[in-house]
Amino acid sequence: MALTRTTIERLAAPAVAALFALLALVAGHAAAAEESLRAATFRVDATPPLGAPLCYAQVAPAAAIDDPLFARGLVLLPPDQKPIILVAVDWVGICNDGNIEWRRQIAEAVGTTVERVAVHTLHQHDAPACDFDTERICAEHGLAGRAFDAAFGNAVIQRTAAAARKALGSLQDVTAIGVGQAKVEKVASTRRCLGEDGKVAYVRNSSCRDPKWQAYPEGTIDPTLKAVTLLSGDKPVVILTYYATHPQSHYGKGRVSADFPGLARSLFEAAVPGPEHIHFNGAAGDVTAGKYNDGSTPMRRILAERLAKGMVDAWNVSQKMPIDAGTINWKTREVALPPADFLDETTQLSVLDDATEDLRSRVQAARGIAWLRRCKAGRTITISRLRLGSVDILHLPGEAFVEYQLAAQKLRPNSYVCVAAYGDLGPGYIGLQKSYAEGGYETSHWASRVAPSVESTLTTAIAELLK
Numbered sequence: 055m056a057l058t059r060t061t062i063e064r065l066a067a068p069a070v071a072a073l074f075a076l077l078a079l080v081a082g083h084a085a086a087a088e089e090s091l092r093a094a095t096f097r098v099d100a101t102p103p104l105g106a107p108l109c110y111a112q113v114a115p116a117a118a119i120d121d122p123l124f125a126r127g128l129v130l131l132p133p134d135q136k137p138i139i140l141v142a143v144d145w146v147g148i149c150n151d152g153n154i155e156w157r158r159q160i161a162e163a164v165g166t167t168v169e170r171v172a173v174h175t176l177h178q179h180d181a182p183a184c185d186f187d188t189e190r191i192c193a194e195h196g197l198a199g200r201a202f203d204a205a206f207g208n209a210v211i212q213r214t215a216a217a218a219r220k221a222l223g224s225l226q227d228v229t230a231i232g233v234g235q236a237k238v239e240k241v242a243s244t245r246r247c248l249g250e251d252g253k254v255a256y257v258r259n260s261s262c263r264d265p266k267w268q269a270y271p272e273g274t275i276d277p278t279l280k281a282v283t284l285l286s287g288d289k290p291v292v293i294l295t296y297y298a299t300h301p302q303s304h305y306g307k308g309r310v311s312a313d314f315p316g317l318a319r320s321l322f323e324a325a326v327p328g329p330e331h332i333h334f335n336g337a338a339g340d341v342t343a344g345k346y347n348d349g350s351t352p353m354r355r356i357l358a359e360r361l362a363k364g365m366v367d368a369w370n371v372s373q374k375m376p377i378d379a380g381t382i383n384w385k386t387r388e389v390a391l392p393p394a395d396f397l398d399e400t401t402q403l404s405v406l407d408d409a410t411e412d413l414r415s416r417v418q419a420a421r422g423i424a425w426l427r428r429c430k431a432g433r434t435i436t437i438s439r440l441r442l443g444s445v446d447i448l449h450l451p452g453e454a455f456v457e458y459q460l461a462a463q464k465l466r467p468n469s470y471v472c473v474a475a476y477g478d479l480g481p482g483y484i485g486l487q488k489s490y491a492e493g494g495y496e497t498s499h500w501a502s503r504v505a506p507s508v509e510s511t512l513t514t515a516i517a518e519l520l521k
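For the sequence shown, our numbering begins at 55 and goes up steadily by one.
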């Protein structure tokens with residue numbers, strides 16, 4: 055048969071039609087993807103080298119690695135929005151310029167803004183603290199590298215930013231969200247034991263062996279662990295968990311560890327394999343495991359098992375619901391937390407330059423100087439809220455007291471409110487107005503770098519974010 059032009063067009067027609075159908079199908083999938091929330095996870099090793107400083111120079115340098123530390127993150131790409139990044143790091147704190155630098159490099163790597171990146175720590179004490187401001191001040195006064203290994207910190211930040219960028223290539227459509235919660239038994243307890251005069255009579259720290267104060271009630275805590283699962287079809291992509299307590303079982307001998315929350319996370323991973331597990335510490339400035347922890351080595355495993363049970367229980371009761379991309383919202387507030395009245399640069403410099411002072415006191419003075427200079431320069435702290443339908447995830451700075459978390463939940467009683475604290479740790483502990491008159495370690499000159507009026511500033515911002 056002669057291949058005339060008419061014949062060629064007739065034979066080609068089905069192929070052309072099939073091609074256009076295929077292109078239409080691909081375009082349809084692309085359009086659907088653009089209309090849905092997409093997500094991916096990443097994980098980076100954040101274990102310090104041997105010899106690196108740990109926990110604000112309060113404890114021995116890293117002498118052994120009991121278990122690795124990680125930075126675990128989630129990339130969220132809502133339709134018609136820039137990426138949102140959530141990161142949880144197994145470090146004691148990321149403060150001031152440290153927190154800003156983490157967020158800046160991650161934001162640049164994924165093509166978003168700094169305000170859309172939230173970086174938090176789990177606050178384990180056998181772990182490093184990241185604070186470039188304080189490190190610079192220490193270096194200027196002969197203490198370079200004594201509080202923080204800056205080269206190591208920069209390397210982890212760069213690896214994390216690269217991992218977040220790589221995760222953009224493995225985004226999955228999020229078709230549903232799961233929410234569940236469960237009570238955690240015999241872990242959290244108040245650390246502020248009040249006497250009959252209303253003042254702090256005893257600080258029940260991370261461990262306690264005094265029978266009198268072990269018997270003191272749990273006090274004000276949030277006993278509930280919350281789990282938020284993002285699913286692609288029936289496959290969970292990530293499980294985010296939130297629970298408020300100081301994470302220390304025993305520490306201070308230079309043995310690097312993610313402590314009992316890290317161990318609980320591993321147990322949860324073993325029970326529910328597949329998705330990434332990212333755990334956040336809630337507002338736990340005045341909450342520890344002290345009532346239930348005598349500081350002995352076996353208690354780390356026991357506390358971990360109790361916390362892991364809460365994770366598994368919350369997962370098992372999770373309710374699955376569709377996610378409407380139109381309900382996804384990221385909101386921020388820039389807050390200027392008031393510096394404590396006692397912070398005086400001349401006084402702090404005298405401690406920093408006093409070679410007879412212990413290293414911990416000198417580094418703590420440098421932290422006070424860094425925070426004071428930051429406040430005087432007008433540099434604010436970003437707090438943020440992620441809304442996913444009926445779920446609100448609030449990101450707070452410092453070691454905020456648990457009362458802020460409980461108040462946030464009351465502001466939206468019909469929503470599922472999760473709180474991640476230990477964001478920018480520059481301000482240290484953040485108590486309530488009344489807490490500063492009650493005494494106790496948490497609101498002392500040593501621990502808190504903000505004024506009692508901080509409660510008004512922070513609660514106003516929280517209320518605005520949760521509208």
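Cβ atoms here follow ideal geometry from the backbone N, Cα and C, with glycine treated the same way.
Check, Outcome
"Cβ-Cβ distance between ARG309 and ASP180 below 8 Å", "yes"
"Cβ-based neighbour list, CYS472, same chain, cut-off 6 Å, excluding 5 preceding and 5 following", "LYS280, TYR296, ILE447"
"Coarse secondary structure for CYS247, derived from DSSP in three states", "strand"
"LEU351, buried or exposed, once every other Cβ within 10 Å from all chains shown has been counted against 16", "Sequence check: residue 351 is Thr here, not Leu. THR351 should be labelled exposed."
"Backbone secondary structure at SER286 - three-state DSSP", "strand"
"Which of helix, strand or coil DSSP assigns to ALA217", "helix"
"Contact the stretch 474–492 vs the stretch 334–343: 3+ CB pairs below 8 Å", "yes"
"Unbroken beta strand (DSSP E) run spanning CYS472, endpoints", "470–474"
"C-alpha distance - LYS521 paired with PRO506, whole-angstrom precision", "25 Å"
"Those residues which DSSP pairs with ARG126 across a bridge", "ARG97, ALA142"
"Top-ranked residue by Cα proximity to ARG428, from LEU391, PHE396, TYR270", "LEU391"
"Separation of ASP134 from ALA230, as counted between CA atoms", "19 Å"
"Contiguous alpha helix (DSSP H) assignments of at least 4 residues, all confined to the stretch 305–349", "313–325"
"Element boundaries [alpha helix (DSSP H), containing GLY364]", "352–370"
"Within 8 Å, strictly: CB atoms of ILE211 and GLN159", "yes"
"C-beta atoms of THR410 and ASP340 nearer than 8 Å", "no"
"Alpha-carbon to alpha-carbon, ALA379 and THR436", "24 Å"
"Exposure label - ARG263; buried when at least 16 CB within 10 Å", "exposed"
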